[in-house]
Amino acid sequence: MNPRLLAAALAVLALAGCGTSTTDRALSGAGIGAGVGAGTAAVTGGSILGGAAIGGAGGAAAGALTDEEDLDLGKPVWRR
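Under numbering that gives the first Met the number 0, think of the first position of the sequence shown as 0, with each following residue one higher.
As structure tokens, this is what we get:
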């Protein structure tokens, strides 16, 4: 696996925990995942829409499954 791709995937999983509620973490995880998925697809020549969909789904799942105590970066931007 490409080291950059692996680093990007790990960053998405780590940042998916942003927010204080399960909904906040799922929403921020989906946004981050969609961005990384689209960017990765663009770099590798894949479907940008498909990459965004897969990344968004993975990020939302990672965010929803992350507990607040696992990683807490504070309130999301839309809650400040």
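Backbone N, C-alpha and C fix where the C-beta goes; we use that ideal spot for every residue, glycine too.
Does the distance from the C-beta atom of residue i to that of residue j stay below 8 Å?
| i | j | result |
| --- | --- | --- |
| G62 | A29 | yes |
| T19 | K74 | yes |
| G58 | A37 | no |
| V35 | A60 | no |
Helix, strand or coil for residue i, going by three-state DSSP, please let me know.
| i | result |
| --- | --- |
| T39 | helix |
| T21 | helix |
Which residues bound the alpha helix (DSSP H) around residue i?
| i | result |
| --- | --- |
| G44 | Element bounds for G44: n/a, residue is neither H nor E. |
Between residue i and residue j, which are expected to be in contact by the criterion C-beta below 8 Å, what is the C-beta distance as a whole number of angstroms?
| i | j | result |
| --- | --- | --- |
| A41 | I47 | 5 Å |
| R3 | T65 | About 23 Å; that fails the 8 Å criterion. |
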